[in-house]
Each structure stands twice: as structure tokens, then as C-alpha cells.
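Heads up: the sequence shown begins at 40 in my numbering, then just goes up one per residue. Have a look at the structure below before the remarks.
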Amino acid sequence: MENKNISKVKRGEIYLYDFGTNEGSIQNGLRPALVVQCDEGNKASCTTVIAAMTTVIKKRYLPSHIILGDRFGLKEPSMVMLEQLRTVNQADLLEYIGRIDDEHCMKKINIGVKKALGLWVDKPYRKPADMRCLCVKCLESYKNSPNYIVKRLDPFAKAKDKCDKCQSYGYDYLVIERSKEG
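Right under this line is the structure:
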């Protein structure tokens, strides 16, 4: 049941696709699939990357499960499973169902793909902070230096401890060395 008349597919389009028979939790049979490959890749190749969809909406907590509802040409409330990706021939995509034209929904799909593939960008590396007890005088020497960021550890602490530098009394602070990179 190959679709020989199909033009180049576009990212965000939904087609029927026959996933065949598979074992375990891999999706089976004829079902909607979302094109997730970029348009440049779709134009340059006769293959594309799709994500399986289902009407059995569960495991909503997974970042790779994006609920689309019954919008975008879908006849039933559906969910795209971005961990169930497959490279297929564009000509094997069957009936065109619709296209996700909601920017917010596509952003959620982008995030889901990144998380499913381990491409999620972590926060940049931060140097560990030193915890130091500092009196008012020693605290000022750090605050006046462009090389450090200083944060009070517990702004509600009333008890003072001995300063690590001069043995006067002060509070606990996190002292973070500023990055030299800018």
C-alpha cells in the first residue's frame, strides 16, 4: 500500500504508516506517525524519520510523550511517542492526516526529541562554591573583589561563628570564583 504520488514530506506532518508486526513494546500496525526529521533532510533524501503515535494515552509524565488531542486532523485524542522513532522511505507513508501548526506544540516536541535522544543541554559547568564563615571586614574583601561571587548561606541565621580568616565573629557564606572566560 505504498504512496507513489507523495511529494516531499515536511516536519510536523502526520501520515498513516504501517509499522508492521513487532515484539515487546514497539508499536505495531497501521497508525498515525509524525514526521520529526528536518525539512532540509526531507528534501535531500527519499527517507525521513517518524515518531509513532497512539490513542492509548498513558505515561503522561514521560517528556517524550506529547499529547496532541484530536487536533491536527486526528480523529481521536492521540499522543506522539518520541522515543519510538523510525527511519522510513517517504514513499511508504500512506494517507496524509494533517500538520502540527501550533508553535507551542512544536516546541514541546523539540524538547521531547532532545530528551529522548539525550541531547538535552545541561546547565553550563559551574565551579564548586567554598563555604566560609566570614566577619563583616573579611566579607567586604571578597565583595569588593571582581574575582568572587558571595552569597549568604542562611540569611535567617542568628548565631555567629568564628571567621575562617581572622577569628572574629561572622556568618556562613558561599564564595564562588568568577569564570575567567567572560
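Beta carbons are placed, not taken as given, at the ideal position from N, Cα and C, and that holds for glycine. Keep in mind that this is a model prediction, so the values were computed, not measured.
Own chain residues within Cβ distance below 7 Å of PRO116, not counting five before or after: Around PRO116: THR94, ILE96, GLY108, ASP109.
Can you have a look at PRO71 and say buried or exposed, based on whether 16 or more other CB atoms are within 10 angstroms of its CB? buried
Uninterrupted alpha helix (DSSP H) stretches inside the region 99 to 182 (no shorter than 4 residues): Taking 4 residues as the shortest admissible run, the region 99 to 182 contains the following complete alpha helix (DSSP H) segments, listed from N- to C-terminal end: 142 to 155, 175 to 182.
One or two residues paired with ILE53 in a DSSP bridge: LEU73, GLY137
Buried or exposed, going by whether 16 or more other CB atoms sit within 10 Å of the CB of ILE89? Answer is buried; the Cβ neighbour count reaches 16.
Counting C-beta neighbours from all protein chains within 10 Å, is the total for SER247 16 or more, i.e. buried, or is it exposed? The structure shown does not extend to residue 247, since the chain is modelled only from 40 through 221, so no value can be given for it.
I'd like to know whether the C-beta atoms of TYR212 and LEU173 end up nearer to each other than 9 Å. yes
Rounded to whole angstroms, what is the Cα-Cα separation between TYR181 and GLU142? 46 Å
Using DSSP with H/G/I as helix, E/B as strand and the rest coil, what is ALA90? strand
What are the boundary residues of the beta strand (DSSP E) that ASP211 is part of? 208 to 216
Where ILE150 and CYS144 are concerned, what is the direct C-alpha to C-alpha distance, given to the nearest angstrom? ILE150 and CYS144: Cα-Cα distance of roughly 10 Å.
Going by other Cβ atoms of all chains shown within 10 Å of its Cβ, with 16 needed for buried, is GLN206 buried or exposed? That one is exposed.
In three-state terms, what does DSSP make of LYS82? helix
So, GLU134 versus LEU73, is the Cβ gap smaller than 9 Å? Their beta carbons are not under 9 Å apart, which means GLU134 does not touch LEU73 by this criterion.
Short of 6 Å in beta carbon distance, which residues of its chain neighbour ILE148, apart from the five on each side in sequence? Order them along the chain. So the list reads ILE105, once near-sequence residues are dropped.
Taking just the CA atoms, how far does ARG171 sit from CYS202? 8 Å
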